[in-house]
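Please read the structure below before turning to the comments.
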Amino acid sequence: MAEKVRLQIGNFSQTHDIVVCDISDDLLLGLDFLQDHDTVIDLKSYMVSFGEEKIPIKQINDTKSTKHVNIYKISIQKRTVIPPNTMKFIKLKTDIPCHEPLAIQPRNIHQELFCPNSVVSPINPYVAIRNLSSRYLTLKKNVAIGVGIGVDEIINFEDDQEIDERKDTVFNINKLGQEDKTESTKKSNMNVLPDYLTDLYERATSKLTKEESHEVQNLLSKFQHVFAANDFDIGQFNGNIKHKIDTKDAQPIKQKLRRTPMGFEDEEEKHIQQMLERGIIQPSSSEWASPPVLIRKKDGSLRFCIDFRALNKVTTKDAFPIPNLKDCIDTLRGNIYFSSLDMAWGYWQIPMDEKDRHKTAFVTKYGLFEHVRLPFGLCNSPATFSRVIQLVLQGLTWRECLAYLDDVIVIGADFQSHVQNLQTVMSRFEKYNLKLKPKKCNLFQTEIKFLGKIVSAKGISVNPECIESVKNWPQPKTKKEVESFLGFANYHRDHIKEFAKLAEPLHESVKKSKRSELYWLENQQNAFQKLKIAIINAISLDYPSPNPDDIFILDTDASDKCVGAELTQIHNGSERIISFASKILTPAQRKYCTTRKELLAIIVFTRQFRHFLLGRNFILRTDHNSLTWLLNFKNIEGQLARWIEELSQYNITIQHRSGSKHTNADGLSRIPDNIQPCSNYNSNIDVKDLPCGGCSFCTRAKNQWKTFEDEIDYVVPLTVRAVENITPSTSSTVFESYSNDFLREAQSSDPNVQTLVKWLVNNHTPSQQELSLSSNSVKYFWSCFSQLSLKDNILYYKWEDPVTPRYLFVVPDCMKKDIFKACHDSISAGHLGQNKTLERIKQCAIWYGLSKDSKLYVQNCSVCNKNKKQNIKAKSSLGQYHAGSPMQRLHIDILGPLPITKNGNKYILMIIDQFSKWLECFPLSNQNAETVAKSLVDEFISRFGCPFELHTDQGRNMDGSLMRHLCNLLDIAKTRTTPYHPASNGQVERYNRVILQTLRCYLKNKQQNWDIHLPQISGAIRSTVNRQTGFTPNFLMLGREIIQPIDIMIGTAALNEPEKETCDYLLNLRTNLEKAHELARNNIRSAQSRQKRDYDVKIFETSYCVGDVVLKLDSATKVGQSSKLKSPWKGPYVIIEVKSPALFKIIDRKNKEWVIHHDRLKLFHDREYPIWIKRIRNKVMNTMVHQDDYNHEEESCNHSADVDISSLFREDNDPVSPATSDPLSHPQSSVESDHLIPTDSQTVSDYRSGRKTRRPRYLDDYVA
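In my numbering, each residue's number is its place in the sequence shown (first place is 1) plus 380.
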């Protein structure tokens, strides 16, 4: 007995108790039911009425229509074996005496064999029988499997829709026939909903009007077959997309069977059986095998999954994009109604490609199965599913709906548009035969859950379920639990003000925690509780408006540990919150000055909100007044230059807001102090000279400004930055044509030009006395006064050109800079040289001293200095180093990479003794520091002992911590070359060339055999007389010549063997070595003298001094840049120490130091040096004066008073008077300042006090 079962007959619905029994009819209505509901049966018209509802009926026991039914015995034609877990088609006996189709009704053959009801043809009859067991089963010949009943008619339906319509709209008392349906019946039953949609309908219409509810009912009735009726009603995508698994040439992966826990065995068998019945999997004979895993879901049930990790590793990943979460949520703006559609077993509705099904095979104790439909756990499953959804909703997404994997949201600005959008989307699901799950769908909602958020017309808020989870979130006990909480909270960080500051202690806990021990102090506990409260009280956000009239406002701020921002938008006159943002600073960023941190905040959050701000005018609000001024593009470089260039793409309006009002920006962690504000502060006055005497407030403000000042040269308004270039690019320079009024006014402001104009107007001839009191400019133009003329009261000079006479504009002083910019700096002028620039100016303008001014302007052009190479390459005199005995100095270097040999070698370690020229070449598989050090110790030092000095280049493998530590252990002095100057290690560079030349002679086409010939070639070089020493390296190192193959061939080996006693041999060996070494030293000295004489003939040397501003040759090329188009010079730098005539220590604006060779430097000229250069030169100047004071107290005290810091920037072409001379000028200057200038044989250290302070080791290991 089943109580209160709901019966649906046409549009008539009622609940009634029913009795379940084994009868042939689907349902029999008894007299009690008919009497209770006033049932009228009209046999004449074959209609039954339940009140006003009329239903057609059919009389099935009419004797006139009774027909004889033929029943036949069905048996197996031959013996058949069915494998375990396999379905097989078996042929029946063909001696059936009938020609009509047979409906097979099987009987219970075996409890583990299953045969479904089916219709077969008597001509070629086959039935499907499935073996559900794990063993082979045999069906004997002629065994009966059931009966066959003759069938009069088979009704074919065109599609599933017609089947569903017939099934759901025909209602009968005793099995009504399909042919009795009338059009009126169809219409009356159209709006009847099946049971599985009743709950969805009630939820959808709970807040709708009656008319709207009726439309919802019609919509669901029309598309009822789009929803899954039960767990076995799974759709199958009929598009042209199937999931493929591309494993390239990977070998099949077969994993062993894992034992299932005893408590889960029934669950595993149940899931496999259900998937078999649903057609999700099928038995397999694949060579691939993955193990299954059972996962407990939140509701306590188990999820059957497959561990495809091994398969995923060899699978080529699909790069199909998954929609961005933020874009999905932002699309919901401007809508009132929302409907969420969730697919029923979404992955299982997508078919697997037949060629790749075998790769999804999984192994259980019940057998091997493979997926027919797309399984969970494959790495490319989300991409395939997204591709299917994009095809299904093509042209609808981001307008009528949006989709994120299997979550589809249909939107609508009003009810009617929402109904229309739902119809369009459901028709797409109907077209592609996809099914939705009614229980998970929500229709016509004004507030809906989507991607963990609650979205509505009012905005976006945190899901209440998440808030409840946070309330009950236990205190973390492990590092993993802290990470889990941070991950959960981070998803909602855009709703939380000051998130970064709140979460910073928890991030600290993650960094300091160990696997077995959690770092958790009171600070972390407070942060955990505060963050929970912040999530519980999270602020609702508004949708961003695309209307350009709705201005965005970005508030930024910075603190010691984090930066934060708040993005708002003015909509309908009110400021609405769009998002919060924050970021924890890295340890390096925390060292920034306040201004740089504030600028960093702008950079970080303009990047984060770039999709909102780019291409629109927006307001940037800050409480840091210095940010309304940014860096001048003239000498800015590095990080600040990149930041300013990045900001130039935005249309920013900056507003300053005091800190008391600027409380909405995130990252504010100001700690109140007791320092009282002071109104006396002035950044241009020293704090000691302020009226307050330098109080705490003024001192702190001065220090903050000084930190910022150290990093920049000039400041200009940020509003200018939007229209000016960051770098001195001349390609975008635009000059406006000057009006005549402007030209007249400019000339009238110049007294010299005005004097000439007056003489011309008044036709005045000046007296000799009047001319003598005039300036040189007036005298110059008086000498050619006849060629001057006024055109529209503007003074011109008429140039009498033999071909085309023309007028030249007489330039006043105030316009000279503009003329130079137009004739030299602009793209139309091309930054050409002195002569070409002068000739260009002469074509249109003239003034006194034009040639000199033009030469100075071009000579001091910083752009030309950095981007033009010197006509004569710098070349200092040859520096030499002398070694007087073997092992006094070793040179080592790495030669390669070369072709990889059969032994795996790719590089050659070259070792040369400076004195004896002894050469060792060791093949190496790599050039790591460990490999180089091991080969040096094991192969060389273990045989010859430790050298006194080791000279290398600046490679990390040669000059890193490992090699330095090795030298310290063995008491070896370590030196290195200067950057990009291999000539400093010329000894080994020369032998590199010899080795390569010799190898080429023996390798021919077998380049992979070079390491085989290396020992013989090294021996050949050691046994050859060196031109510098006059001896072979063998003799100078070993004291004897080794026996060569040629000596054995011609018999001289035995003749030249000394026949002496051991003692005599040792005495003679010592004597011979001393003589040989002395001769070798003399020969080396003579050879070096000749070499230096020849080399110094072509030197082009500049005598640099401390304080000189120089450029460094930049040989490095970045990826993506052409070496031919980049600037060859880098800088500027200031020389702070002369280490030798060829080595100079330089410093840049960031106080980073280098030791650079003379040949890689050149003097830098600029029209106005940056502040940092003046600061460093002033510091160097004062240091040198103080050092000189120690030794020459009286003389220096008198001379230091004459030091003028502003005169440090000398012009080589200008005369220098003793009163304004540059104390750091070149030695050839007319000013006598030798007590400050080191000569060629002196260094700065010669002028220091008698105290000896050990200099840093890394500054002492450079040689010329």
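Cβ coordinates follow ideal geometry from the N, Cα and C atoms, glycine included.
None of these values were measured; they are calculated from a predicted model.
Sub-7 Å separation of K622 and P502 beta-carbons: Translated into the one-based positions of the sequence shown, residue 622 becomes position 242. Translated into the one-based positions of the sequence shown, residue 502 becomes position 122. Contact flag unset, no.
What are the partner residues of D787, as DSSP defines its beta bridges? As a working mapping, residue 787 is identified with position 407 in the sequence shown. Here D787 is bridged, per DSSP, to D722 and Y784.
Less than 8 Å between the CB atoms is what I'm expecting for C708 and L831, so what's the real figure, rounded? To locate residue 708, count along the sequence shown from 1; it is residue 328. To locate residue 831, count along the sequence shown from 1; it is residue 451. Confirmed, Cβ separation roughly 7 Å.
Beta strand (DSSP E) runs contained entirely in the region 1229-1286, provided each spans 3 or more residues: As far as the region 1229-1286 is concerned, its whole beta strand (DSSP E) runs of at least 3 residues are 1270-1275.
When burial is assigned at 16 or more other CB atoms within 10 Å of the CB, is E978 buried or exposed? By one-based count along the sequence shown, residue 978 stands at place 598. E978 comes out buried.
Report the three-state DSSP secondary structure of R639 (helix, strand or coil). In the sequence shown, the residue the question calls residue 639 occupies position 259. In the structure shown, R639 sits in coil (DSSP, three-state: anything other than H, G, I, E or B).
Residues of its chain near E383, where Cβ-Cβ distance is below 8 Å and the 5 sequence neighbours each way are ignored: Against the sequence shown, residue 383 aligns to sequence position 3. Hits under 8 Å: D397.
Taking all protein chains shown into account, decide if F1411 is buried (16 or more other Cβ within 10 angstroms of its Cβ) or exposed. What you label residue 1411 is simply residue 1031 of the sequence shown in a count that begins at 1. Here F1411 is buried, its C-beta having at least 16 other C-beta atoms within 10 Å.
Could you tell me how far apart the beta carbons of L1027 and I999 are, in whole angstroms, since I believe they sit closer than 8 Å? On the sequence shown, position 647 is the one that residue 1027 refers to. On the sequence shown, position 619 is the one that residue 999 refers to. I999 and L1027 do not touch by the CB rule: their CB atoms are close to 14 Å apart, not below 8 Å.
Bridge-paired residues (DSSP) for I1174: Locating residue 1174 in the sequence shown gives position 794, counting from the first residue. According to DSSP, I1174 bridges with K1171.
Just curious, the beta strand (DSSP E) that E480 is in, first and last residue? Within the sequence shown, the letter at position 100 stands for residue 480. Careful: E480 lies outside any beta strand (DSSP E) and carries neither H nor E.
Cutting at 8 Å between CB atoms, please list the residues of its own chain near Q1622, excluding the five before and the five after it. Residue numbering aside, residue 1622 sits at position 1242 when the sequence shown is read from its first letter. Low per-residue confidence applies at Q1622: pLDDT is 35, beneath 50, and the placement is therefore not dependable, though the value from the model is reported in the following sentence. If we look at Q1622 and ignore the five residues flanking it on each side, it has no Cβ neighbours.
Nearest to K1455 by alpha carbon, out of D1488, G1419 and S719? What you label residue 1455 is simply residue 1075 of the sequence shown in a count that begins at 1. For the residues D1488, G1419 and S719, the minimum Cα distance to K1455 belongs to G1419.
Suppose contacts are defined by Cβ-Cβ distances below 7 Å. Is L1218 in contact with S1242 by that definition? The count along the sequence shown starts at 1 and reaches residue 1218 at position 838. The count along the sequence shown starts at 1 and reaches residue 1242 at position 862. No. Outside cutoff.
Local Cβ density within 10 Å of M427, reported as buried at 16 or more and exposed below that: In the sequence shown, residue 427 corresponds to position 47, counting from 1. By the beta-carbon neighbour count (other beta carbons within 10 angstroms, threshold 16), M427 is exposed.
Nearest-angstrom beta carbon gap, F765 and D794 [assumed within contact, 8 Å]: Here residue 794 refers to the residue found at position 414 of the sequence shown. Here residue 765 refers to the residue found at position 385 of the sequence shown. Not quite, the Cβ-Cβ distance comes to about 31 Å (not below 8 Å), so this is no contact.
In this structure, how does DSSP classify D397 when only helix, strand and coil are distinguished? Residue mapping note: residue 397 aligns to position 17 of the sequence shown, counting from 1. Here D397 sits in strand by DSSP.
K1354 versus R1336 - alpha carbon distance: As a working mapping, residue 1354 is identified with position 974 in the sequence shown. As a working mapping, residue 1336 is identified with position 956 in the sequence shown. So the alpha carbons of these two residues sit roughly 14 Å apart.
Within 10 angstroms of its Cβ, does P1182 collect 16 or more other Cβ (buried), or is it exposed? Here residue 1182 refers to the residue found at position 802 when the sequence shown is read from its first residue. Exposed, by the Cβ-count rule.
Which of the three DSSP states, helix, strand or coil, is assigned to D937? Counting from 1 along the sequence shown, the entry for residue 937 is found at position 557. Secondary structure of D937 (DSSP, three-state): strand.
Range of the contiguous alpha helix (DSSP H) that encloses F413: Numbered from its first residue, the sequence shown carries residue 413 at position 33. Looking at the DSSP string, the run of the alpha helix (DSSP H) that includes F413 is L411 to D416.
Bridge partners for V1368 per DSSP, in chain order? Indexing the sequence shown from 1 puts residue 1368 at position 988. BP columns for V1368 are empty, so no partner.
Can you say whether T1497 is buried or exposed, counting buried as having 16 or more other CB atoms within 10 angstroms of its CB? As a first step, residue 1497 is located in the sequence shown; it is residue number 1117 there, counting from the start. That one is exposed.
Contacting residues, own chain, Cβ-Cβ under 8 Å from S1111 (five flanking each side not counted): For the purposes of this step, residue 1111 is taken as residue 731 along the sequence shown, with counting starting at 1. Annotation note: pLDDT 42 at S1111 (below 50); position unreliable, no value reported.
Spatially closest choice to Q631 from H991, V694 and I913, by CA coordinates: If you number the sequence shown from 1, residue 631 lands on position 251. Comparing Cα positions, the closest option is V694.
Mind listing, in chain order, the continuous beta strand (DSSP E) runs of no fewer than 3 residues lying wholly within the region 748-808? Listed in chain order, the complete beta strand (DSSP E) runs (minimum 3 residues) inside the region 748-808 are 781-784 and 787-792.
State the Cα-Cα distance for the pair K1159 and V1133, rounded to the nearest angstrom. As a position in the sequence shown, residue 1159 is number 779, starting the count at 1. As a position in the sequence shown, residue 1133 is number 753, starting the count at 1. If you take the alpha carbons of K1159 and V1133, they lie about 11 Å apart.
Taking buried to mean at least 16 other C-beta atoms within 10 Å of its own C-beta, is R1195 buried or exposed? Position 815 of the sequence shown, counting from 1, holds the residue named residue 1195. Just to set this straight, residue 1195 is Met in the shown sequence, not Arg. Buried is the call here.
So Q1307 and I1274 are in contact, right, with Cβ under 8 Å, and what is the actual spacing, rounded? What you label residue 1307 is simply residue 927 of the sequence shown in a count that begins at 1. What you label residue 1274 is simply residue 894 of the sequence shown in a count that begins at 1. I1274 and Q1307 do touch by the CB rule: their CB atoms are close to 5 Å apart, below 8 Å.
Measuring straight from C-alpha to C-alpha, what distance separates N1365 and T1357? Numbered from 1 along the sequence shown, position 985 holds the residue referred to as residue 1365. Numbered from 1 along the sequence shown, position 977 holds the residue referred to as residue 1357. About 7 Å.
CB contact flag (L947, A914, <7 Å): Along the sequence shown, one-based indexing puts residue 947 at 567. Along the sequence shown, one-based indexing puts residue 914 at 534. Between L947 and A914, the gap from beta carbon to beta carbon reaches 7 Å or more.
From the DSSP secondary-structure annotation, give me the bridge partner or partners of I470. Translated into the one-based positions of the sequence shown, residue 470 becomes position 90. Answer is V507, bridged to I470.
Looking only at DSSP bridge pairs, what is W1552 linked to? As a working mapping, residue 1552 is identified with position 1172 in the sequence shown. The partner list for W1552 (beta bridge, DSSP) is empty, contrary to what the question assumes.
Does the Cβ of M1429 have 16 or more other Cβ atoms within 10 Å, making it buried, or fewer, making it exposed? For the purposes of this step, residue 1429 is taken as residue 1049 along the sequence shown, with counting starting at 1. In the assembly as shown, M1429 is an exposed residue. Its beta-carbon has fewer than 16 other beta-carbons within 10 Å.
Classification of C821 by the beta-carbon crowding that lies within 10 angstroms, buried from 16 upward: In the sequence shown, counting from the first residue as 1, residue 821 sits at position 441. The residue is buried, with at least 16 neighbouring Cβ atoms inside 10 Å.
Nearest neighbour of S889, chosen from K877, E878 and E902 [CA to CA]: For the purposes of this step, residue 889 is taken as the residue at position 509 of the sequence shown. For the residues K877, E878 and E902, the minimum Cα distance to S889 belongs to E902.
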